[in-house]
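Participant: Mapped onto the UniProt record's numbering, the consecutive letters of the sequence shown carry residue numbers 1 to 336.
From the three backbone atoms N, C-alpha and C, an ideal C-beta is built for every residue, glycine too.
Sharing a structure here in structure tokens format.
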Amino acid sequence: MVVNEQQTPMRRRTMGRLGWRVGEVGYGMWGIGGGPGGFTGWDYDIAPDALDLAVDMGCTFFDTAWAYGRGKSEELLGELRERRPDSGIRLATKVPPLNREWPPRPQDTLEDVFPLDHILDYTRRSLDNLGVDRIDLLQLHVWEDRWAADPAWQKAVTLLKDQDLIDGFGISVNRWEPTNCFAALDTGLVDAIQVIYNVFDQAPEDELFSRAIEEDIAIIARVPFDEGSLTGNLSADTVFPPEDWRAVYFGPENLPPTVERVDALRGLVPAGETLPELALRFALHHPAVSVVIPGMRRPEHVRSNLRVSGSAPLPAELLEALRAHRWDRQPTHWSM
């Protein structure tokens, strides 16, 4: 495998019909934002170093959300933009659900989750936190396709674009529901879809990716490490602090089978490569993917992840072997 040990230009991809050229490895900013309901291990003192290193290595797409530290992650990104005004970075953020339910409940209506005034209010909050006059990509942080025909969200998107407060609009689809956005795509208002895609979660390839290519929709591949399991650092004895949301995700129902599946992958890692590098190469192999956004809290995470850009394509036989590790799961009480 050949990686960018030097700071050579990161390979770029196009964000669908938005037309932006972005570094293919972006920055997922949940973990770095800290705060309740997220990851532990964040450190605001070193966060600027990690973000600056990412820019130095060619990262230009940064994905945040108001929910990541209740605006703190957005503020960190705004400070980065202020420090590096000529870096050409693209800022993506998300409107939280009004009822704070991830994912939405079966009984939730659009009015419960994304009423018009709520979308407009949180767009203004994000503009202030980011310190910008226009957001490159505004996304809804959850979605149910039964809301697609409701005119409220459509009015919000049209209004925000007409007022030049956002450039693009996207939807972050719920875990393990990659087609739960097709009715929204039918409206023609959605420029980007953010979806979980990794060695285990390959379902976006079935229908979503082909439609994205056909309709020139940007695909933001999130959770390339399956919330950390595909780093290879978990064991059957791993215990997360109770304030870390992974204590729920990697609970007794999910941790043991996950560790078994990760162990089964280790033999496929090429010599001189790590499991995280292989996981990122898989997430990047599909032509529908515009950018992959691993979460990164520390400079060493940035250095190891971003250097994967420019790697040689996955050999066909290795790709086929990885496909055999697909793991189709259904949303449940611990999956969020």
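Leaving out five residues before and five after residue 10 in sequence, what residues of the same chain have Cβ atoms less than 6 Å from its Cβ?
Facilitator: Once the five neighbours on either side are set aside, the close Cβ partners of residue 10 are 23, 58 and 309.
Participant: Please say whether residue 130 and residue 51 have beta carbons closer to each other than 8 Å?
Facilitator: Result no, Cβ atoms of residue 51 and residue 130 do not sit closer than 8 Å.
Participant: Whose C-alpha, out of 278, 146, 88 and 274, is nearest the C-alpha of residue 136?
Facilitator: Among 278, 146, 88 and 274, the Cα nearest to that of residue 136 is on 88.
Participant: Given that a residue counts as buried once 16 or more other Cβ atoms are within 10 Å of its Cβ, and exposed if not, what is residue 192?
Facilitator: That one is buried.
Participant: Measuring alpha carbon to alpha carbon, tell me which residue in 132, 147, 155 and 296 is nearest residue 165.
Facilitator: Looking at the Cα atoms, 132 is the closest of the given residues.
Participant: For a test of the three-state rule: what should DSSP assign to residue 92, helix, strand or coil?
Facilitator: Correct three-state label for residue 92: strand.
Participant: Among 36, 148 and 274, which one has its Cα closest to the Cα of residue 301?
Facilitator: Answer by Cα proximity: 274.
Participant: Let me check understanding here. Comparing Cα to Cα, which of 281, 13 and 238 lies closest to residue 225?
Facilitator: The shortest Cα separation from residue 225 among 281, 13 and 238 belongs to 281.
Participant: Using a 10 Å radius around the Cβ and a threshold of 16 neighbouring Cβ atoms, would you call residue 201 buried or exposed?
Facilitator: Buried: at least 16 other Cβ atoms inside 10 Å.
Participant: State the beta-bridge partners of residue 292 as determined by DSSP.
Facilitator: Paired residue(s): 25 and 221.
Participant: Enumerate in chain order the residues of its own chain whose CB-to-CB distance from residue 231 is below 6 Å, with the five nearest sequence positions on each side excluded.
Facilitator: Correct list, in chain order: 225 and 276.
Participant: Mind checking which residues open and close the alpha helix (DSSP H) that includes residue 383?
Facilitator: Outside the shown range of the chain (1 to 336) lies residue 383, about which nothing can therefore be said.
Participant: Just the C-alpha distance for residue 256 and residue 155, rounded to the nearest angstrom, thanks.
Facilitator: Roughly 46 Å between the two C-alpha positions.
Participant: For residue 228, name the three-state secondary structure that DSSP assigns.
Facilitator: Residue 228 falls in the helix class under three-state DSSP.
Participant: I'd like to know if the region 106 to 119 and the region 144 to 163 are in contact, where contact means that at least 3 CB-CB pairs between them fall below 8 Å.
Facilitator: The answer is yes - the region 144 to 163 touches the region 106 to 119, with three or more Cβ pairs under 8 Å.
Participant: From the DSSP output, which residues share a beta bridge with residue 40?
Facilitator: Looking at the DSSP assignment, residue 40 forms no beta bridge with any residue, so it has no partner.
Participant: With a 10 Å radius around its C-beta and 16 neighbouring C-beta atoms as the bar for buried, classify residue 267 as buried or exposed.
Facilitator: Exposed, by the Cβ-count rule.
Participant: Please indicate yes or no: does the CB of residue 17 lie closer than 7 Å to some heavy atom of the ligand ADP?
Facilitator: This structure simply doesn't include the ligand ADP, nor any ligand for that matter.
Participant: Can you list, in chain order, the residues of its chain whose CB lies under 8 Å from that of residue 246, leaving out five sequence neighbours each side?
Facilitator: For residue 246, where only same-chain residues beyond five positions count, the Cβ hits under 8 Å are 39, 227, 228 and 240.
Participant: Could you tell me whether the Cβ atoms of residue 65 and residue 197 are closer together than 8 Å?
Facilitator: Against a cut-off of 8 Å, the Cβ pair of residue 197 and residue 65 comes out as no contact.
Participant: Check whether the Cβ atoms of residue 419 and residue 143 sit closer than 8 Å, and answer yes or no.
Facilitator: Residue 419 is absent from the model: the chain starts at 1 and stops at 336.
Participant: Which residues bound the beta strand (DSSP E) around residue 194?
Facilitator: 192 to 196 is the extent of the beta strand (DSSP E) around residue 194.
Participant: Excluding sequence positions up to five away, which residues of its chain have a Cβ less than 7 Å from the Cβ of residue 219?
Facilitator: Contacts found: 193, 195, 209, 212, 288, 289 and 290.
Participant: If residue 46 and residue 298 are in contact, beta carbons under 8 Å, what's the gap, nearest whole angstrom?
Facilitator: Confirmed, Cβ separation roughly 6 Å.
Participant: Out of 233, 176 and 189, state which residue places its alpha-carbon closest to the alpha-carbon of residue 205.
Facilitator: Here the closest residue by C-alpha is 176.
Participant: Please report the straight-line C-alpha distance between residue 322 and residue 295, rounded to a whole angstrom.
Facilitator: Going by the C-alpha atoms only, they are around 22 Å apart.
Participant: Run the CB neighbour count on residue 96, radius 10 Å, all protein chains shown included, and call it buried at 16 or more, exposed below.
Facilitator: Classification for residue 96: buried.
Participant: Where does residue 19 sit, in a helix, a strand or coil, going by DSSP?
Facilitator: The answer is coil: DSSP assigns residue 19 none of H, G, I, E or B.
Participant: For residue 134 versus residue 86, is the C-beta spacing smaller than 8 Å?
Facilitator: No.
Participant: Since residue 138 and residue 187 are thought to touch, with beta carbons under 8 Å apart, how far apart are those beta carbons, to the nearest angstrom?
Facilitator: Wrong, their Cβ atoms sit about 15 Å apart, outside the cutoff.
Participant: Shortest alpha-carbon distance to residue 333 belongs to which of 293, 248, 265 and 262?
Facilitator: When only C-alpha atoms are compared, the closest one is 248.
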